[in-house]
Amino acid sequence: MNESARFPEFAVSAYSLEPAAAHFIAVVEHLPTRLEERHLQHAVDLFLLGILRRD
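Under the numbering used here, residues 1471 to 1525 are what the sequence shown spells out, in order.
Take a look at the structure:
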């Protein structure tokens, strides 16, 4: 699934790896502790999916 279609603000920042990484860190660091592990794994999977498809 193309996440940039669901989240247009990410599509704009995904053209450069640095803004995409900063966006990823900002999202992850504000997670509640009880959801952290599940959401962190999902966020990492989405981030890697976006990076791996660029190559």
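Glycine is no exception: its CB is placed at the ideal position from the N, C-alpha and C atoms.
Beta-carbon proximity check, residue i vs residue j, cutoff 7 Å
{"i": "Val1498", "j": "Leu1510", "result": "yes"}
Pairwise C-alpha distance: residue j and residue i
{"i": "His1500", "j": "Ile1521", "result": "22 Å"}
{"i": "Leu1518", "j": "Glu1506", "result": "18 Å"}
Where the alpha helix (DSSP H) containing residue i begins and where it ends
{"i": "Glu1488", "result": "Leu1487 to Val1498"}
Candidates the options, of which the one nearest residue i by Cα
{"i": "Ala1416", "options": "Leu1505, Thr1503 and Phe1494", "result": "Residue 1416 lies beyond the stretch modelled for the chain, which goes from 1471 to 1525, so this question has no answer here."}
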